[in-house]
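Residue numbers (our numbering), protein chains in the order written: chain P, 1 to 174; chain G, 1001 to 1437; chain W, 2001 to 2315.
Beta carbons are placed, not taken as given, at the ideal position from N, Cα and C, and that holds for glycine.
Note that the structure is a prediction, hence the values are computed from the model and not measured.
Structure, as structure tokens:
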Amino acid sequence: MDASRIERSLARIAHEILERNRDLADVALVGIRTRGVVIAERLAALIREAGEAILPVGSLDITLYRDDFMRHPVGPQPLVRSTDIRFSVEGRRILLVDDVLYTGRTIRAALDALIDYGRPRSIQLVVLVDRGHRELPIKADYVGKNLPTSPVQSVQVRLREVDGLDEVMLEEGA
Amino acid sequence: MHYILRNGRVVDPAHGRDGQFDVEVRDGVIVRVGTTLAAADGVTVLHVPPGCVVTPGLIDMHVHLREPGQEHKETVASGAAAAVAGGFTAVACMPNTAPVNDSAAVTRYILDQAAAANLARVYPIGAASVGSKGEQLAEIGELKAAGCVAVSDDGHPIRTALLMRRVLEYAGMLDVLVIDHCEDPTLKGDGVVHEGAVASELGLRGIPGEAEELWVERDITLAGLTRSPVHIAHLSTAGSLRAVRAGKARGIAVTCEVMPHHFVLTDEALRGYDTNTKMNPPLRGSADLEEMLRGLADGSIDVIATDHAPHHADEKALSYDQAPFGITGLETAVSLTLDRLVHAGVIGLSRMVELLSANPARILKVPGGALAEGAPADITVLAPDLPVTVRAAAMRSLSRNMPFEGWQLRGGVAATIVGGRLVYRNTAVEALAGWLA
Amino acid sequence: MTAVAPVTALRGRHLLSIADLSPAEITLILDTADAMKEVGERTIKKVPALRGRTIVNLFFEPSTRTRTSFEIAEKRLSADTLSLAVSTSSVVKGETLLDTVDNIEAMSPDMLVVRHASSGACQQLARRCRSRIVNAGDGMHEHPTQALLDAYTMRQRKGRIDGLQVAIVGDLAHSRVLRSNLLLLRKMGASIRVTAPRPLIPAGIEALGATPCRTIEEAVDGADVVMMLRIQLERMQTLFLPSLREYFALFGLTADRMALARPDAIVMHPGPMNRGVEIASEVADGPQAVILEQVANGVAVRMAVLYLLAGGSED
Ligand SMILES: [Zn+2]
Ligand SMILES: [Zn+2]
């Protein structure tokens, strides 16, 4: 995917969000660090430009909730960064945003983390790319692109704000 | 048993000898020292391996043998075995046993144990005060008659100046040497290591060098007052040595000894909190160590002794401030002295023999210290170039508390002969394989 | 101070001394503590990061404050924890330090948080133990997590540590907090002045990186941070100080003395405070005091240390 494909995908997702959520008063976006936050901010901007609403955006660091490193007590701990959610999630409809949906474990950790902040009314999942190979019963509500992959491939999402350019690349070798 | 130690380098400063000589021994006595002695029929010839050095038997005038009372740390027999393995033909043992050696009964017990072990000669040192409590004079006459060669309250200083004065007068009258463990306990307080930047950094309570120096000055002053000799045990600071030099210059009969750990280690060794670096007096700073080296070289230090202080591993497994003071020394002293003093060029072999044999014999007034015709054949054979790796597990002492584990040193002991009997032969010196046990 | 390349992990398997940490590792701990602090501000103050790990708090010396802080940190990380107060009497009875720990280790904990009245006890244990060890204060030697939480508080309030002028006042001789702080502040580029009655200044203090001052006025003058150390009342009375009254008169932090520091200076104290001995109540309760923030930050910093040590290299 190149920059314009990414742009179009996001625009479509923003449109779908507006369609499915008539009243935006209690909706908020929460991006999973790092690139999920960038995507959440772009979606918030698109919705604002559409004149619909100014949605609050939060960022979620899920390091402390990950289950992969806990199973390997040896090896350096992943770097922890701060979660920054400056609104109450209690009773809100949360749009949880990430770049790639793969096994579902990241989303599982993010759901645990989010629920520790309160009890949202609902959580919907937004991803730019769904590459399949789920290991948990998790499904995205909004998908930019379904990208069939093999488990030995990896999906690299690069975004201007973080990486200097917009692209999604399928690379060989996980 | 009649044999000749053939053609070894004999270093015997008391006779001004340093060269290739034969030493003839018959029935436990040195009969002749000379060149190319003829071997009559029935006389065994033991060739001294090239590079080995024949010296008068080494004497450690400051050890703790722990018996009676603390036989889990050391016994007279295990201590005597450690002594001969370390090249010592004789040791003088301090009285802080349980009970304290303040009576003829304890002295005789120690001598009986030593006779049974039949290895190194053991010279008991009696207590200066009853129970070493610093209150009442011990029966020094009785102790001398039973076999004590000196008195001391080692483990503690002789407590008050008045008592020290009386001990010096009384022991002096009986021609018994007084040895004092010098530290002002009121200045030492609850210190455990040398006071200085290292102690401050490690959070360990310090003992200033001045706690020792005050006491050395006191003892020298009182030796002057009483005109009796005093021997300063385990001297460790530059200030103490300054006081000893000044006392000697004033004509006072003061002598002193230094331990190997005080000329090879400083308080830097405390980092890591190995309790085997804890002893009293503590490891000092580098300026003190430098001064010890100067004193050893210039003759102002009379003796190298070990303050061999065995402790059980469980006692040393306590935290640093709670672990007991003291390290073993009998089996490392010769290697440390050869490596760090002789090979380092601080002193020569002849001076080493003075420090480890001639001077302790003279100060304690015991036999030995020279290879004299007609004297008991107490002889140490050194292997000055033997590579030695220090291993506590290989030692004869019952205790293993020493900070030199794994050290690689140049120089060791080849053989030890007491009363003409070969009581120790180092299997690492292959050329000695033919020597009889 | 030159910029240091960031690191993402600690090299050591234990936290025994600040001396073992590089400036980059200290920064990593403080940055991680930022995230941990956010956890403490939530309604549900708990994350599953150390789920399934066992941490034993082994206190050979009682300390309610430090033990509580570690316990909260451990619980917030979902570790299984157990606190043991080992009475010194069993040590006196002849059970060695190492015996005690051998018994605990037989239960395979992942980490031991150790407080001991003897300097070096944690280093002695680390030579013997399989578990990772966090030094929670060893005698008069070090209290690394206290120095880290102090640094965290300074960084939070002053935005930096590099270039700060820090005055430390109190029982320097017996303070493990001092030793850890000297190591940390020097590594991070602060300059340090210390003052105390002369009997409480350890030998060779300059070699530890502090400039000793004769008076508190001299030490506090122009300081960004004034750190007061606790005077242990029971220890002081005989030979170190004539009286606590005189100590306060000569070295107590009063509002007048605090006025010599920079106007935006902060006042710190590791607690528990002796009001009217080290510090006047008006200063302890005044706007410059950050003493309660230190306590709150202690939990976040300890969470960071526990989390980072739970990973790390195998040896
Ligand atoms: Zn002594
Ligand atoms: Zn001694």
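Count the other CB atoms, across all protein chains shown, that sit within 10 Å of the CB of residue i; report buried if there are 16 or more and exposed otherwise.
i, result
"N146 of chain P", "exposed"
"K2045 of chain W", "exposed"
"R2160 of chain W", "exposed"
"D1339 of chain G", "buried"
"H133 of chain P", "exposed"
"N21 of chain P", "buried"
"V152 of chain P", "exposed"
"T2032 of chain W", "buried"
"G1126 of chain G", "buried"
"S1200 of chain G", "buried"
"I2231 of chain W", "buried"
"V2283 of chain W", "buried"
"A14 of chain P", "buried"
"D1274 of chain G", "buried"
"I2274 of chain W", "Reading off the sequence, residue 2274 of chain W comes out as Asn, not Ile. Classification of N2274 of chain W: buried, given that the 10 Å Cβ count is 16 or more."
"A1098 of chain G", "exposed"
"R71 of chain P", "Interpretation of R71 of chain P is limited by its pLDDT of 49, a score under 50 that renders its predicted location unreliable; no figure is taken from the coordinates."
"G1247 of chain G", "buried"
"N1118 of chain G", "exposed"
"K1365 of chain G", "exposed"
"L2208 of chain W", "buried"
"R2127 of chain W", "exposed"
"L1432 of chain G", "buried"
"I1379 of chain G", "buried"
"A2223 of chain W", "buried"
"R119 of chain P", "exposed"
With DSSP as the reference, please indicate the residues paired to residue i in a beta bridge.
i, result
"L101 of chain P", "P:D130"
"D2080 of chain W", "W:T2054"
"S122 of chain P", "P:R93"
"A1090 of chain G", "G:I1059, G:R1121"
"V1084 of chain G", "Bridge partners of V1084 of chain G: none, in fact."
"H1064 of chain G", "The partner list for H1064 of chain G (beta bridge, DSSP) is empty, contrary to what the question assumes."
"M1292 of chain G", "Note: M1292 of chain G sits in no beta bridge, so no partner."
"K1278 of chain G", "K1278 of chain G is not bridged to any residue."
"Y1424 of chain G", "G:T1416"
"S2017 of chain W", "Answer is none; S2017 of chain W lacks a bridge partner."
Check whether chain B comes within 8 Å of residue i, counting only Cβ atoms and requiring the distance to be less than that.
i, result
"S1200 of chain G", "Included in the structure are the protein chains P, G and W, with no chain B among them."
Examine ligand 4 and report whether any of its heavy atoms sits within less than 7 Å of the Cβ of residue i.
i, result
"N1426 of chain G", "Ligands present in the displayed structure are limited to ligand 1 and ligand 2, and ligand 4 is not among them."
Jot down the residue ranges of each uninterrupted beta strand (DSSP E) in the region 1340–1404 of chain G, minimum 3 residues, whole runs only, in chain order. Entirely contained in the region 1340–1404 of chain G, the beta strand (DSSP E) runs reaching 3 residues are, in chain order, 1379–1389.
Decide if the region 1054–1069 of chain G is in contact with the region 1077–1085 of chain G; the criterion is three or more beta carbon pairs, one per stretch, under 8 Å apart. Touching, per the Cβ criterion.
Notebook entry, point to check: Quick one: any contact between the region 1338–1350 of chain G and the region 1415–1426 of chain G, if contact means 3 or more CB pairs under 8 Å?
Noted result: Touching, no.
Report task. Counting only runs of 4+ residues fully inside the region 1155–1180 of chain G, write out the alpha helix (DSSP H) ranges in chain order. Result -> Whole alpha helix (DSSP H) segments, 4+ residues: 1161–1173.
Around ligand 2, which residues pass a check of Cβ closer than 7 Å to any of its heavy atoms?
This criterion selects G:H1062, G:H1064, G:M1094, G:D1154, G:G1155, G:H1181, G:A1233, G:H1234, G:D1307, G:A1309.
Touch test, the region 2003–2023 of chain W against the region 1412–1424 of chain G, Cβ-Cβ under 8 Å, three pairs minimum:
With a cut-off of 8 Å, the region 1412–1424 of chain G and the region 2003–2023 of chain W do not count as touching, because too few Cβ pairs lie within range.
Minimum length 3: unbroken beta strand (DSSP E) runs contained in the region 1191–1258 of chain G = Those beta strand (DSSP E) runs which fall completely within the region 1191–1258 of chain G and span 3+ residues are 1230–1232, 1254–1258.
- prompt: Given 8 Å as the limit, is there contact between the region 1245–1265 of chain G and the region 1162–1169 of chain G, that is, 3 or more CB pairs closer than that?
  reply: No: fewer than three Cβ pairs fall under 8 Å.
When the Cβ atoms of the region 1283–1291 of chain G are set against those of the region 1220–1230 of chain G, are three or more pairs found closer than 8 Å? Counting Cβ pairs under 8 Å, fewer than three are found: no touch.
- For the 8 Å Cβ check, are there 3 or more pairs between the region 2175–2192 of chain W and the region 2148–2163 of chain W? Taking a contact to require three or more Cβ pairs closer than 8 Å, the region 2175–2192 of chain W and the region 2148–2163 of chain W qualify as touching.
Segment contact, 8 Å Cβ cut-off, at least three pairs: the region 1200–1214 of chain G with the region 1151–1161 of chain G:
Using a C-beta cut-off of 8 Å, the region 1200–1214 of chain G makes no contact with the region 1151–1161 of chain G, since fewer than three inter-stretch Cβ pairs fall below that distance.
Q: Kindly confirm or deny that the region 1349–1369 of chain G and the region 1238–1248 of chain G touch, where touching means at least three C-beta pairs closer than 8 Å.
A: Under the three-pair Cβ rule at 8 Å, the region 1349–1369 of chain G does not count as touching the region 1238–1248 of chain G.
Could you tell me whether the region 1002–1013 of chain G touches the region 1037–1055 of chain G, using the rule of 3 or more Cβ pairs below 8 Å?
Here the region 1002–1013 of chain G makes contact with the region 1037–1055 of chain G; the two share three or more CB pairs at distances below 8 Å.
message = Quick test of the definition: if touching needs 3 or more C-beta pairs under 8 Å, does the region 1288–1306 of chain G touch the region 2098–2115 of chain W?
response = Taking one beta carbon from each stretch, the region 1288–1306 of chain G and the region 2098–2115 of chain W have fewer than 3 pairs nearer than 8 Å; the two do not touch.
Please determine if the region 33–40 of chain P and the region 52–63 of chain P are in contact, where contact requires at least 3 C-beta pairs separated by less than 8 Å.
Yes, the region 33–40 of chain P touches the region 52–63 of chain P.
For the region 2296–2306 of chain W against the region 2250–2264 of chain W, do three or more pairs of beta-carbon atoms, one drawn from each stretch, fall closer than 8 Å, so that the two count as touching? No: fewer than three Cβ pairs fall under 8 Å.
Assess, as a yes-or-no matter, whether the region 78–94 of chain P is touched by the region 115–123 of chain P under the definition of 3 or more beta carbon pairs within less than 8 Å. By the criterion of at least three beta-carbon pairs nearer than 8 Å, the region 115–123 of chain P is in contact with the region 78–94 of chain P.
Review point. Using 8 Å as the threshold, is the region 1189–1199 of chain G in touch with the region 1134–1145 of chain G, meaning 3 or more CB pairs across them?
Key: They do not touch, by the three-pair rule.
Q.
When you compare the region 136–146 of chain P with the region 156–163 of chain P, are there three or more beta-carbon pairs, one atom per stretch, that lie closer than 8 Å?
A. Three or more beta-carbon pairs separated by less than 8 Å are not found between the region 136–146 of chain P and the region 156–163 of chain P, which leaves the two stretches without contact.
query = Should the region 1373–1390 of chain G be called in touch with the region 1314–1329 of chain G, which here means at least 3 C-beta pairs below 8 Å?
reply = The count of Cβ pairs closer than 8 Å, one atom from the region 1373–1390 of chain G and one from the region 1314–1329 of chain G, stays below three, leaving the stretches out of contact.
**Q.** 4-residue-minimum alpha helix (DSSP H) runs that sit fully inside the region 1010–1057 of chain G, ordered along the chain
**A.** Within the region 1010–1057 of chain G, no run of alpha helix (DSSP H) reaches 4 residues while sitting entirely inside it.
Note to self: Would you call the region 2160–2175 of chain W in contact with the region 2034–2051 of chain W, where contact means no fewer than 3 C-beta pairs closer than 8 Å?
What the structure shows: In this structure the region 2160–2175 of chain W does not lie against the region 2034–2051 of chain W, because fewer than three pairs of beta carbons, one per stretch, are closer than 8 Å.
Query - Those runs of the alpha helix (DSSP H) which lie wholly inside the region 2135–2178 of chain W and span at least 4 residues - result: Qualifying alpha helix (DSSP H) stretches, in chain order: 2144–2158.
Next item on the list: Flag this pair as touching only if the region 1369–1378 of chain G and the region 1322–1329 of chain G have three or more C-beta atom pairs under 8 Å; answer yes or no.
Entry: No contact exists between the region 1369–1378 of chain G and the region 1322–1329 of chain G.
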